Amino acid sequence: MKTELVNAFGNVFLTITLDHENRWITAKWQGYSTEESIKTGLEAYTQALESADFHSMLIDTRAMVGSWHHSLGWMLEEWAPQAARAGLQYYAMVVEPESFAEASADSFYEQVRYFKAKVFEDLESAKNWLMRRANWFQSRAY
């Protein structure tokens, strides 16, 4: 399943994909994000996570322009507990090094307490981290 969210100008700002093989949600952000688009996007991929009964998210913000620091408080206070209730346990975020989005991601990572989150500068490292978490999680389920 692939879902694309568009802004008021008809441009895609978020693509959400279910990765059934790895059992995680992939979300790819692009362009500039407003508070409204951040909230809409996070709520959409949390709903996808819950519907799929997955526990991990792979978030790619490398094509995102600017900071999303304006939404950090809402993410930590409102969204993070909601995502944890929906089953989120592991959250890997890929950022463009030395970008405004990286600074926002680092702030989020340092403060989130509801699930394990980690920031990466390349996609493969993020995927490997999630795969190790999934293998550990599956071994504990038996």
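Position 97 (the sequence shown) corresponds to 82 in this note's numbering; numbering is contiguous. Glycine included, every Cβ here is placed at the ideal spot set by N, Cα and C. Just so we're clear, the structure is a prediction, and the values are computed from it rather than from any experiment.
1. From the DSSP secondary-structure annotation, give me the bridge partner or partners of Gly16.
2. Name the DSSP bridge partner or partners of Met78?
3. Who are the near neighbours of Ser22 in its chain, counting only those whose CB is closer than 8 Å to its CB and skipping five residues on each side?
4. Does the separation of the CB atoms of Val80 and Thr31 fall below 9 Å?
5. To the nearest angstrom, report how far apart Glu20 and Met116 are at their CA atoms.
6. Who are the Cβ neighbours of Ser124 in its own chain at under 6 Å, not counting the five residues just before and after it?
Taking the geometry as given:
1. In the DSSP assignment, Gly16 is bridged to Met49.
2. Beta bridge pairing from DSSP links Met78 with Ile44, Val104.
3. So the qualifying residues of the chain are Leu(-10), Asn(-8), Phe(-2), Leu(-1).
4. Going by C-beta atoms, Val80 is not nearer than 9 Å to Thr31.
5. Their Cα atoms are separated by approximately 31 Å.
6. Unreliable placement is indicated for Ser124, whose pLDDT of 48 sits below 50; the coordinate value is still reported in the next sentence. If we look at Ser124 and ignore the five residues flanking it on each side, it has no Cβ neighbours.
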